[in-house]
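Participant: This is the structure I have questions about; it appears just below.
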Amino acid sequence: MKTRAAVAWEAGKPLTVETVEIEGPRAGEVLVEIMATGVCHTDAYTLSGLDSEGKFPAILGHEGAGIVREVGPGVATLKPGDHVIPLYTPECRQCKSCLSRRTNLCTAIRATQGQGLMPDGTSRFRCDGDTVFHYMGCSTFANFTVLPEIALAKIREDAPFDKVCYIGCGVTTGLGAVIYTAKVWPGANVAVFGLGGIGLNVIQGARMVGADRIVGIDINPAKRAMAEKFGMTHFIDPNEVGADKVVQAIVDLTDGGADFSFDATGNVNVMRQALECCHRGWGESIVIGVAEAGREIATRPFQLVTGRVWRGTAFGGARGRTDVPRIVDWYMEGKINIDDLITHTMPLEEINTAFDLMHDGKSIRSVVIY
Ligand code: NAD
Ligand code: AHE
Ligand code: ZN
């Protein structure tokens, strides 16, 4: 069959909307009609050409929601009509990682996913005779896409696609970093670097678990008002206080250092500040941001010798098929706010505007509605 899709033909160029051929689902696979998709900074990162796994041409997008239209042989847990959220971190419940209960990083299909291919090593997309690669196993910038059964979370049918698509990455990553990865405790002091689509969900999570001080740091002061609405208690603009004074400013605000800090910028210099603003003896810094190929993080080992902990998180540590339906419930029960973070919506034909708004610091999340 054919589908409309925004194709990234090469790094650094705008996407173009094309009619793409899509092959039906093979064994263990599912055809999904994507109803809405968010645009995450990671899509922009890969489009920039700085992702070491970036492949072109590709159909980007990994923050979607949609409806199952067809299932391939052997698919047992999904049927046509089911509402689903694609998972770039699948949950097979059988691999060493899933069975360990120590990580959400299922390894069942990671190798082919990183090559832009389905688990059998082939692509389901073609355009003008060329193979078009999948992206993060999701390719939600296509109206129809194919995913493995283990990479789909079944969700309730009354949840609005144009809101819960954001749970496919940003909401779960931010909330999960607080709840599943850091396990922030009530009364903790928290510092959040980068008040974008991820960082604001870290703030929302910190408020949910009863954090005391929630310090937000961003070079764009326009992000301040939204962050305060979501629970930020103090704001630091590095351009105002001086980048070299940010760590001390946080230490002063948090009685000796943050119990937990989060990088949601992807900037390795900021990651260092995030570690070094943590409390001596126990403060934990969680790296969420994705840094460009070749970048490295650095600090004095003394920072770790004296008890600070450096950790990272992917998809907020969430086990997709188990945790995503619960987060959808939180939204439907009014426990989390997604609506205010979706600042812009547009049709697929205007998807490049979503990238412009992000780069100009004018949006929190843009959602494409098919
Ligand atoms: P975004 O563009 O919406 O937000 C980034 C924010 O960081 C912006 O508000 C920007 O002003 C701010 N910022 C940039 N440089 C800064 C600096 N030097 N100091 C302070 N603030 C700074 O992006 P997003 O969608 O929120 O994504 C944030 C990061 O998280 C990206 O690197 C993205 O790739 C990554 N990410 C990781 C995961 C994961 O699973 N680990 C999931 C989603 C996104
Ligand atoms: N291909 C990238 C990896 C980027 C990365 O770390 N991705 C996160 C999700 S970002 C979502 O917006 C992730 O899940 N990482 C774990 C994994 O297995 O990829 C690179 O830099 O090479
Ligand atoms: Zn993302």
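Take the sequence shown: its letter number 165 is residue 164 in numbering that gives the first Met the number 0, and every next letter is one higher.
We put the CB at the ideal spot given by N, CA and C, even for glycine.
Just so you know, these numbers come straight off a predicted model, no measurement behind them.
(1) Closest to N142 by C-alpha separation, out of R364, A110 and A4, would be which residue?
(2) Would the beta-carbon of R212 fall within 7 Å of that of T232?
(3) Within 6 Å: the Cβ of S51 and any heavy atom of the ligand AHE?
(4) Just how far apart, CA to CA, sit W8 and F124?
(5) Could you spell out where the beta strand (DSSP E) holding F124 opens and where it closes?
(6) Can you list the alpha helix (DSSP H) stretches of 4 or more residues lying completely in the region 182-253, in chain order?
(7) Whole alpha helix (DSSP H) runs in the region 254-296 with 4 or more residues, listed along the chain?
(8) Are the beta-carbon atoms belonging to E62 and G167 less than 7 Å from one another?
(9) Contact defined as beta carbons within less than 8 Å: I believe D161 pairs with A353. What is the distance between those atoms, to the nearest angstrom?
(10) Rounding to the nearest angstrom, what Cα-Cα distance links P79 and F132 in this structure?
(11) From which residue to which residue does the beta strand (DSSP E) around R350 run?
(12) Output the boundary residues of the alpha helix (DSSP H) element that contains P324.
(13) Just to check my reading of the structure: Y369 and V163 have Cβ atoms closer than 8 Å, yes? What is that Cβ distance to the nearest angstrom?
(14) What's the C-alpha gap between I66 and P85?
(15) Which residues share a DSSP beta bridge with W309?
(16) Helix, strand or coil for G37? Go by DSSP, reduced to three states.
(17) Following the continuous beta strand (DSSP E) through S365, name the residue where it begins and the one where it ends.
(18) Just checking: is the beta-carbon of S96 within a distance shorter than 7 Å of some beta-carbon in chain D?
(19) Excluding five sequence neighbours on each side, which residues of the same chain lie with their C-beta closer than 7 Å to the C-beta of N351?
(20) Distance, Cα to Cα, S284 vs K228?
(21) Find the nearest neighbour of I216 within the set G209, A210, A248 and K361, judged by alpha-carbon distance.
(22) For G193, which of T18, V240 and H40 has the nearest alpha-carbon?
(23) Could you check what DSSP says for T171 in three-state terms: helix, strand or coil?
(24) Would you kindly work out how many angstroms separate the C-alpha atoms of A43 and S138, rounded to a whole number?
(25) Alpha carbons only, please: which of S96, V38 and M135 is nearest the one belonging to D50?
(26) Name the one or two DSSP bridge partners that K1 has.
(27) Which two residues bound the contiguous beta strand (DSSP E) that contains D129?
(28) Measuring from each Cβ to the nearest heavy atom of the ligand ZN, keep the ones under 5 Å and list them in chain order.
(29) Enumerated in chain order, which unbroken segments of the alpha helix (DSSP H) with a length of 4 residues or greater are wholly contained in the region 76-144?
(30) Taking buried to mean at least 16 other C-beta atoms within 10 Å of its own C-beta, is T321 buried or exposed?
(31) Kindly list the residues whose CB is nearer than 6 Å to the CB of A190, restricted to its own chain and excluding five residues on each side of it in sequence; keep chain order.
(32) Ordered along the chain, which non-local residues of its own chain (more than five positions away) have a Cβ less than 6 Å from that of G288?
(33) Please report the Cβ distance between N200 and G241, rounded to the nearest whole angstrom; I am assuming they are in contact, meaning their Cβ atoms lie under 8 Å.
(34) Just the C-alpha distance for V31 and D81, rounded to the nearest angstrom, thanks.
(35) By the 10 Å Cβ neighbour count, where 16 or more other Cβ atoms means buried, how is K334 classified, buried or exposed?
(36) DSSP three-state label for L303, please.
Facilitator: According to the structure shown:
(1) Counting from 1 along the sequence shown, the entry for residue 142 is found at position 143. Of the listed residues, the one whose Cα sits closest to N142 is A4.
(2) Within the sequence shown, numbered from 1, the residue matching residue 212 stands at position 213. Within the sequence shown, numbered from 1, the residue matching residue 232 stands at position 233. The answer is yes: Cβ separation under 7 Å.
(3) Sequence index remark: in the sequence shown, residue 51 carries index 52 (1-based). Within the cutoff, so yes.
(4) Counting from one through the sequence shown, the residue named residue 8 turns up at place 9. Counting from one through the sequence shown, the residue named residue 124 turns up at place 125. So the alpha carbons of these two residues sit roughly 13 Å apart.
(5) The residue given as residue 124 occupies position 125 in the sequence shown. Element bounds for F124: F124 to C126.
(6) 198-207, 223-228, 237-240 and 245-252
(7) 267-275
(8) On the sequence shown, residue 62 is found 63 positions in, with the first residue counted as 1. On the sequence shown, residue 167 is found 168 positions in, with the first residue counted as 1. Cβ distance < 7 Å, so E62 and G167 count as in contact.
(9) Your numbering for residue 161 matches position 162 in the sequence shown. Your numbering for residue 353 matches position 354 in the sequence shown. Actually they are not in contact, since the Cβ atoms of D161 and A353 sit about 13 Å apart, beyond 8 Å.
(10) Along the sequence shown, one-based indexing puts residue 79 at 80. Along the sequence shown, one-based indexing puts residue 132 at 133. Taking the straight line from one Cα to the other gives about 25 Å.
(11) The residue given as residue 350 occupies position 351 in the sequence shown. Checking the displayed sequence, the identity of residue 350 turns out to be Ile instead of Arg. Note, I350: premise wrong, no beta strand (DSSP E); alpha helix (DSSP H) at I350 to H358.
(12) Residue 324 sits at position 325 when you count from the first residue of the sequence shown. From DSSP, the alpha helix (DSSP H) with P324 extends over G319 to M331.
(13) Here residue 369 is taken as the residue at index 370 of the sequence shown, counted from 1. Here residue 163 is taken as the residue at index 164 of the sequence shown, counted from 1. Actually they do not touch by this definition, with Cβ atoms about 15 Å apart.
(14) As a working mapping, residue 66 is identified with position 67 in the sequence shown. As a working mapping, residue 85 is identified with position 86 in the sequence shown. Using only the alpha carbons, I get a separation of about 10 Å.
(15) The count along the sequence shown starts at 1 and reaches residue 309 at position 310. Beta-bridge pairing links W309 to S284.
(16) Indexing the sequence shown from 1 puts residue 37 at position 38. Three-state result, G37: strand.
(17) On the sequence shown, residue 365 is found 366 positions in, with the first residue counted as 1. R364 to I368 is the span of the beta strand (DSSP E), which, as asked, contains S365.
(18) Reference to chain D is not applicable here, since this structure consists of a single protein chain.
(19) Working through the sequence shown from its first residue, we reach residue 351 at position 352. These residues qualify, in order along the chain: P13 and L14.
(20) Position 285 of the sequence shown, counted from the first residue, corresponds to residue 284. Position 229 of the sequence shown, counted from the first residue, corresponds to residue 228. Taking the straight line from one Cα to the other gives about 24 Å.
(21) Position 217 of the sequence shown, counting from 1, holds the residue named residue 216. Of the listed residues, the one whose Cα sits closest to I216 is A248.
(22) For the purposes of this step, residue 193 is taken as residue 194 along the sequence shown, with counting starting at 1. Comparing Cα positions, the closest option is H40.
(23) Taking the first residue of the sequence shown as 1, we reach residue 171 at position 172. Helix.
(24) Walking along the sequence shown from the start, residue 43 turns up at place 44. Walking along the sequence shown from the start, residue 138 turns up at place 139. Cα to Cα, A43 sits roughly 14 Å from S138.
(25) Counted from its first residue, the sequence shown places residue 50 at position 51. If we check each option's Cα against that of D50, M135 comes out closest.
(26) Locating residue 1 in the sequence shown gives position 2, counting from the first residue. BP columns for K1 point to E20.
(27) One-based indexing of the sequence shown puts residue 129 at position 130. Per DSSP, D129 belongs to the beta strand (DSSP E) from D129 to V131.
(28) C39, T41 and C168
(29) 95-99 and 109-113
(30) The residue labelled residue 321 in the question sits at position 322 within the sequence shown. Classification for T321: exposed.
(31) Here the question's residue 190 lines up with position 191 in the sequence shown. Only V214, I249, A257, S260 and C276 meet the Cβ criterion.
(32) Within the sequence shown, numbered from 1, the residue matching residue 288 stands at position 289. Same-chain partners within the cutoff: D262, A263, T264 and G265.
(33) Sequence index remark: in the sequence shown, residue 200 carries index 201 (1-based). Sequence index remark: in the sequence shown, residue 241 carries index 242 (1-based). Not confirmed; about 28 Å, so no contact.
(34) As a working mapping, residue 31 is identified with position 32 in the sequence shown. As a working mapping, residue 81 is identified with position 82 in the sequence shown. Roughly 9 Å between the two C-alpha positions.
(35) Start at 1 with the first residue of the sequence shown, and residue 334 comes out as number 335. Exposed: under 16 other Cβ atoms inside 10 Å.
(36) For the purposes of this step, residue 303 is identified with residue 304 of the sequence shown, where counting begins at 1. DSSP places L303 in helix when its eight states are reduced to three.
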